[in-house]
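Protein chains in written order, with the working numbering: chain A, 2 to 618; chain B, 19 to 154.
Okay, structure first, notes after.
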Amino acid sequence: MYGYAGNILRVDLSCSKVSHEPLTEELVHNYIGGRGFGAYYVYKEVPPGADPYGPANKLVIASGPFAGLLLPSGSKTSISAKSPATGIYGDSNVGGHLAGELKYAGIDAVIVGGKAEAPSYLLIDDDKVEIRGAGHLWGLGAIKTEEVLKEELGDEFQIATIGPAGEKGVVFACINHDFGRQAGRCGMGAVMGSKNLKAVAVRGTRSVPVADIDGLKDVSAVMFRELMANPALKVWQDLGLAQVTTWANSIGALPTRNFRQNFYEAVNGLSGELMKETIVVGDKACFACPMATGKLCKASFRGKTVLVEGPEYETTALIGSNCALGSIEEVAFANYVCDELGLDTISAGNVVAFTMECFEKGIITKDDTGGIEAKFGSLDAFCELAHKIAAREGIGDLLAQGVATAAEAWGEESRRIAIHVKGLEWSGYESRGAPSMMLAYMTCDIGAHHNRAWSVTHDIAVGRDVIKGKAAKVVEFQHVRPLFDCLGVCRLQWVELGLPLEHYARLYPVVTGRDDSWEDLLVKSERIWNLTRAFAVREREDFGRKDDWPPGRFYEEPVPDGPLAGFGITEQDLNTLLDEYYELRGWDVNGRPKEETLTRLGLEDVATELREMGRIL
Amino acid sequence: MGMDIDMLRCTGCKLCQIVCSVANFGENNPKKSGIRIVSRLFTEARYDVIVCDHCGECIDVCPFAAISLDSGVVTIDPELCTNCGICIDACPKGALFTHPEVGHPIKCTLCGECERLCPRGILGALAASTEGEVAD
Numbered sequence: 002m003y004g005y006a007g008n009i010l011r012v013d014l015s016c017s018k019v020s021h022e023p024l025t026e027e028l029v030h031n032y033i034g035g036r037g038f039g040a041y042y043v044y045k046e047v048p049p050g051a052d053p054y055g056p057a058n059k060l061v062i063a064s065g066p067f068a069g070l071l072l073p074s075g076s077k078t079s080i081s082a083k084s085p086a087t088g089i090y091g092d093s094n095v096g097g098h099l100a101g102e103l104k105y106a107g108i109d110a111v112i113v114g115g116k117a118e119a120p121s122y123l124l125i126d127d128d129k130v131e132i133r134g135a136g137h138l139w140g141l142g143a144i145k146t147e148e149v150l151k152e153e154l155g156d157e158f159q160i161a162t163i164g165p166a167g168e169k170g171v172v173f174a175c176i177n178h179d180f181g182r183q184a185g186r187c188g189m190g191a192v193m194g195s196k197n198l199k200a201v202a203v204r205g206t207r208s209v210p211v212a213d214i215d216g217l218k219d220v221s222a223v224m225f226r227e228l229m230a231n232p233a234l235k236v237w238q239d240l241g242l243a244q245v246t247t248w249a250n251s252i253g254a255l256p257t258r259n260f261r262q263n264f265y266e267a268v269n270g271l272s273g274e275l276m277k278e279t280i281v282v283g284d285k286a287c288f289a290c291p292m293a294t295g296k297l298c299k300a301s302f303r304g305k306t307v308l309v310e311g312p313e314y315e316t317t318a319l320i321g322s323n324c325a326l327g328s329i330e331e332v333a334f335a336n337y338v339c340d341e342l343g344l345d346t347i348s349a350g351n352v353v354a355f356t357m358e359c360f361e362k363g364i365i366t367k368d369d370t371g372g373i374e375a376k377f378g379s380l381d382a383f384c385e386l387a388h389k390i391a392a393r394e395g396i397g398d399l400l401a402q403g404v405a406t407a408a409e410a411w412g413e414e415s416r417r418i419a420i421h422v423k424g425l426e427w428s429g430y431e432s433r434g435a436p437s438m439m440l441a442y443m444t445c446d447i448g449a450h451h452n453r454a455w456s457v458t459h460d461i462a463v464g465r466d467v468i469k470g471k472a473a474k475v476v477e478f479q480h481v482r483p484l485f486d487c488l489g490v491c492r493l494q495w496v497e498l499g500l501p502l503e504h505y506a507r508l509y510p511v512v513t514g515r516d517d518s519w520e521d522l523l524v525k526s527e528r529i530w531n532l533t534r535a536f537a538v539r540e541r542e543d544f545g546r547k548d549d550w551p552p553g554r555f556y557e558e559p560v561p562d563g564p565l566a567g568f569g570i571t572e573q574d575l576n577t578l579l580d581e582y583y584e585l586r587g588w589d590v591n592g593r594p595k596e597e598t599l600t601r602l603g604l605e606d607v608a609t610e611l612r613e614m615g616r617i618l
Numbered sequence: 019m020g021m022d023i024d025m026l027r028c029t030g031c032k033l034c035q036i037v038c039s040v041a042n043f044g045e046n047n048p049k050k051s052g053i054r055i056v057s058r059l060f061t062e063a064r065y066d067v068i069v070c071d072h073c074g075e076c077i078d079v080c081p082f083a084a085i086s087l088d089s090g091v092v093t094i095d096p097e098l099c100t101n102c103g104i105c106i107d108a109c110p111k112g113a114l115f116t117h118p119e120v121g122h123p124i125k126c127t128l129c130g131e132c133e134r135l136c137p138r139g140i141l142g143a144l145a146a147s148t149e150g151e152v153a154d
């Protein structure tokens, strides 16, 4: 099968059984790869009501047809499961070098079920697949674990690991790969930990067949030539995603002090330029990527000096301005702490900022924090809270369950400032002045994440107070952007350097030999979007519009300062956005896919199941 | 002849490995490549670039006279090579690589494809004919 290795690897940790099964034409045709494979298997194989931490949950680690080939940044692995953070479908993707390595080992996706009796790691070395003991790794940091396994197995192995937070089931525990790249969101690291799976190590020697090698060479040559000729490439190579911070601040989008503000008066201390001048020691790229946005940094705090990849924009936004830290070096140090503990920096930044605001408001006191002076701007407080969360000690045990659960415990006043949707903490764009971006967060299938529809530039282009007509752009993005996650390729070259989508459309037939047009692929992406929504509808009888609703802060408090001072969005605006969105999607007024919509997308079985359960009309 | 490499600027993207396999084997497989990027991230925050510098030390150790120097390029003749591995042990750079599907060590052929594609343009000056085509 061109573009694919041709096999699924199944691992049942409960009975230490591994087996290969052939990739089916139906799966490839309908779901493409990556997140599509994840959505398919999680819907099909994780039964309704399954405990996310239980053996019935499945962790799907999937590559895509573009991964590991001679084209710009075919580097993306999607990792999917029922999320412990949200209780619905979750996925997160990671760059680096894992996606290609899986295919070189003859595997397009690994499906891990069950639970190992003792700490284990999965070794895949071409056809040799073993479940090995990980007693010597348990308790180690996520990056330390990777280092130890690299020493034991060799540098050619590509390795995914979890830290102590994953072992302890923190709902925002991430999966680390390649010295500090993360599948950060939705608690995929906690799912790994619940299965006693500390790491996955992969090495392969096979070639990945493509339908037309000369065609691939031709299209990729054009893509690389255009990327190299783009003057903006140098800026990305120099500053990486850290350049976004001051821009986000200038447009009133930078989360600041638990999203109270979207403008940080001390942003200069967090800028990409300052980062390059003061702490960057090297550049680092994912597979076949000319942008090399990864920045290796050295950071010191209280006499300890650490080496860390990052911080990228999201980390700087959520840990930096959102916790009101003073310098990029402090953010880099906090980044290191989270990476080793195995905490998603986006959710960790949210959780700590939420704690700091509750502390400031007197909703909690030092009695609750175990003596920690949880003030905005304190890196000491950040580090102490992060360690307590990963160890689930004291206040950390509650915070390890995310802001939504913590707010349940701390009462009504805290609920309106717990910044999440569906239980997933909000990523780096405060959106009171960007209605389409707000809608993107509200309707993102995994919770409040930006990557499905990053439409803030659309709000700037067509008017920041415009509500009507905005939903169409969100729907469009929600199909095209996740398509990259299915194909196993990074979207940054398109988003930031303007590489035309036509090139990706031309790649698909030369790689796979299939005649699907880009529009055909977008329909498949829409199918996947509806399938992940259907998972939520099947999971919860009351799932619907209320789950697409943002925290009260965003419609109760106008923006206090900065370029958007006085700006706000009303409940009526939010309802208008949702009404328009549901209509365009073919969902009912409560946000449930209509039977005709599911049928149009080839999801007849899903429609029947949901109708018989009484979940759709 | 050979590559003059500014390793400290390598970003570890391995484009060189994948383009080498496509250029020399017509396959997408960075393990069928005459160049290797090795991570030294954990200790030194950098990568090593391992590739033949065509020094010719392997030529004399080959018991089958399968290796020769031709216009500055050290080349292995697959017809004569028995894949004994002696050259691999003798290479001071560790720049001869094995692959289970290939019956001889794989090494740099100085085809120049990796140099042309390297986003950092760090793979040095090759033949004058490639001048002006170097990226970056």
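By construction, the Cβ of each residue, glycine as well, lies at the ideal position given by its N, Cα and C atoms.
Every value quoted in this text rests on a predicted model; they were computed, and no experiment measured them.
CB contact below 8 angstroms: Phe-115 of chain B versus chain A: Taking the first residue of the second sequence as 1, we reach residue 115 of chain B at position 97. It does not: the Cβ of Phe-115 of chain B has no partner Cβ on chain A nearer than 8 angstroms.
Simplified DSSP assignment, three categories, for Lys-305 of chain A: As a working mapping, residue 305 of chain A is identified with position 304 in the first sequence. DSSP places Lys-305 of chain A within a strand segment (E or B) once states are collapsed to three.
Buried versus exposed, by CB contacts within 10 Å (16 or more), Cys-16 of chain A: As a position in the first sequence, residue 16 of chain A is number 15, starting the count at 1. The residue is exposed, with fewer than 16 neighbouring Cβ atoms inside 10 Å.
Close Cβ partners of Cys-445 of chain A (< 6 angstroms) along its chain, the five nearest in sequence each way excluded: As a first step, residue 445 of chain A must be located in the first sequence, where it is residue number 444. Excluding positions up to five away in sequence, the list reads Arg-453.
Contacts of Thr-127 of chain B in chain A (Cβ-Cβ under 8 angstroms): Looking up residue 127 of chain B in the second sequence gives position 109. The contacting residues do not exist; Thr-127 of chain B stays about 17 angstroms from chain A at best.
Neighbour flag for Ser-208 of chain A against chain B, beta carbons, 8 angstroms: Position 207 of the first sequence holds residue 208 of chain A. Output row for Ser-208 of chain A: interface = yes.
Rounded separation between Leu-60 of chain A and Asn-591 of chain A - CA only: As a position in the first sequence, residue 60 of chain A is number 59, starting the count at 1. As a position in the first sequence, residue 591 of chain A is number 590, starting the count at 1. Cα to Cα, Leu-60 of chain A sits roughly 30 angstroms from Asn-591 of chain A.
Any C-beta of chain A under 8 angstroms from that of Leu-59 of chain B: On the second sequence, position 41 is the one that residue 59 of chain B refers to. Under the Cβ criterion of 8 angstroms, Leu-59 of chain B is counted among the residues facing chain A.
Cross-chain neighbours of Leu-488 of chain A in chain B, by beta carbon under 8 angstroms: Looking up residue 488 of chain A in the first sequence gives position 487. Residues of chain B passing the Cβ test: none, with the nearest at roughly 15 angstroms.
Presumed contact (8 angstroms Cβ cut-off) between Val-422 of chain A and Gly-448 of chain A, rounded CB distance: On the first sequence, position 421 is the one that residue 422 of chain A refers to. On the first sequence, position 447 is the one that residue 448 of chain A refers to. That pair is a contact at about 5 angstroms.
Residue from A:Glu-274, A:Lys-362, A:Val-236 whose Cα sits closest to the Cα of Ser-619 of chain A: Because chain A is modelled from 2 through 618, residue 619 of chain A falls outside the range shown and cannot be assessed.
Straight-line Cα distance separating Leu-99 of chain A from Leu-488 of chain A: In the first sequence, residue 488 of chain A corresponds to position 487, counting from 1. In the first sequence, residue 99 of chain A corresponds to position 98, counting from 1. One C-alpha to the other measures close to 14 angstroms.
Supposed close pair Ile-108 of chain A, Ala-6 of chain A - CB separation, criterion 8 angstroms: The sequence position of residue 108 of chain A within the first sequence is 107, counting from 1. The sequence position of residue 6 of chain A within the first sequence is 5, counting from 1. Confirmed, Cβ separation roughly 6 angstroms.
Which listed residue (A:Ser-437, A:His-450, A:Leu-498, A:Pro-483) has its alpha carbon closest to that of Lys-474 of chain A: For this step, residue 474 of chain A is matched to residue 473 along the first sequence. Closest option to Lys-474 of chain A, Cα to Cα, is A:Ser-437.
Supposed contact pair Pro-66 of chain A and Gly-34 of chain A - C-beta distance, whole angstroms, cut 8 angstroms: In the first sequence, counting from the first residue as 1, residue 34 of chain A sits at position 33. In the first sequence, counting from the first residue as 1, residue 66 of chain A sits at position 65. Distance from Gly-34 of chain A to Pro-66 of chain A at the Cβ level is roughly 5 angstroms; contact confirmed, criterion being Cβ atoms closer than 8 angstroms.
Contact under 8 angstroms by Cβ, Leu-484 of chain A with Trp-495 of chain A: As a working note, residue 484 of chain A is residue 483 in the first sequence. As a working note, residue 495 of chain A is residue 494 in the first sequence. For Leu-484 of chain A and Trp-495 of chain A, no; Cβs fall outside 8 angstroms.
Min CB distance Leu-33 of chain B to chain D below 8 angstroms: The structure shown contains no chain D; its protein chains are A and B.
Thr-93 of chain B (DSSP reduced to helix, strand or coil): In the second sequence, residue 93 of chain B corresponds to position 75, counting from 1. Assigned with DSSP and collapsed to three states, Thr-93 of chain B falls in strand.
Those residues which DSSP pairs with Gln-262 of chain A across a bridge: On the first sequence, residue 262 of chain A is found 261 positions in, with the first residue counted as 1. Per DSSP, A:Thr-257.
Ranges of the alpha helix (DSSP H) found wholly within the stretch 83–167 of chain A, counting only runs of at least 4: Fully enclosed alpha helix (DSSP H) runs of 4 or longer: 99–105, 143–154.
Paired residues, beta bridge with Pro-594 of chain A - DSSP: One-based indexing of the first sequence puts residue 594 of chain A at position 593. Pro-594 of chain A is bridged by DSSP to A:Trp-588.
Asn-336 of chain A versus A:Asn-177, A:Gly-114, A:Tyr-90, residue with shortest Cα-Cα distance: Taking the first residue of the first sequence as position 1, residue 336 of chain A is located at position 335. Here the closest residue by C-alpha is A:Asn-177.
Euclidean distance between Cα positions of Glu-313 of chain A and Thr-279 of chain A: For the purposes of this step, residue 313 of chain A is taken as residue 312 along the first sequence, with counting starting at 1. For the purposes of this step, residue 279 of chain A is taken as residue 278 along the first sequence, with counting starting at 1. About 15 angstroms.
Chain A contact for Glu-45 of chain B (CB, 8 angstroms cutoff): Numbered from 1 along the second sequence, position 27 holds the residue referred to as residue 45 of chain B. Using a CB distance cut-off of 8 angstroms, Glu-45 of chain B counts as an interface residue toward chain A.
Within the stretch 414–487 of chain A, ranges of the alpha helix (DSSP H) (whole runs, at least 4 residues): You should have 436–444, 457–463.
Three CB pairs or more closer than 8 angstroms across the stretch 275–294 of chain A and the stretch 394–414 of chain A: The stretch 275–294 of chain A, when compared against the stretch 394–414 of chain A, does not touch it at the 8 angstroms Cβ threshold.
Cβ-based burial, Glu-147 of chain A [other Cβ within 10 Å; buried from 16]: Here the question's residue 147 of chain A lines up with position 146 in the first sequence. Buried, since its Cβ has 16 or more Cβ neighbours within 10 Å.
Contacting residues, own chain, Cβ-Cβ under 7 angstroms from Glu-315 of chain A (five flanking each side not counted): Residue 315 of chain A sits at position 314 when you count from the first residue of the first sequence. Excluding positions up to five away in sequence, the list reads Thr-346, Ile-347, Ser-428, Gly-429.
Through-space distance from Thr-257 of chain A to Ala-325 of chain A, alpha-carbon basis: Here residue 325 of chain A refers to the residue found at position 324 of the first sequence. Here residue 257 of chain A refers to the residue found at position 256 of the first sequence. For the pair Ala-325 of chain A and Thr-257 of chain A, the Cα-to-Cα distance works out to about 7 angstroms.
Residues near Gln-479 of chain A by beta carbon distance below 7 angstroms, same chain, minus five either side: Along the first sequence, one-based indexing puts residue 479 of chain A at 478. Hits under 7 angstroms: Arg-453, Ala-454, Trp-530.
Test item: CB-CB of Phe-225 of chain A and Leu-135 of chain B under 8 angstroms: Counting from 1 along the first sequence, the entry for residue 225 of chain A is found at position 224. Counting from 1 along the second sequence, the entry for residue 135 of chain B is found at position 117. It is a contact, given that the beta carbons lie within the stated cut-off.
Cβ shell of Met-439 of chain A (< 8 angstroms), same chain only, five flanking positions each side left out: Position 438 of the first sequence, counted from the first residue, corresponds to residue 439 of chain A. Ser-432, Arg-433, Pro-551, Phe-555, Ile-570, Leu-575, Leu-578, listed in sequence order.
Three-pair Cβ contact test at 8 angstroms for the stretch 179–192 of chain A versus the stretch 81–89 of chain A: With a cut-off of 8 angstroms on Cβ pairs, the stretch 179–192 of chain A is in contact with the stretch 81–89 of chain A, counting three or more such pairs.
Cross-chain neighbours of Ala-63 of chain B in chain A, by beta carbon under 7 angstroms: Sequence index remark: in the second sequence, residue 63 of chain B carries index 45 (1-based). Going along chain A in sequence order, the residues near Ala-63 of chain B (Cβ under 7 angstroms) are Val-282, Gly-283, Leu-297, Leu-308.
Chain B within 8 angstroms of Tyr-105 of chain A, Cβ atoms only: Position 104 of the first sequence holds residue 105 of chain A. Taking Cβ atoms only, chain B reaches closer than 8 angstroms to Tyr-105 of chain A, which makes this a yes.
DSSP state of Phe-355 of chain A mapped onto helix, strand, coil: Locating residue 355 of chain A in the first sequence gives position 354, where the first residue counts as 1. It is helical.
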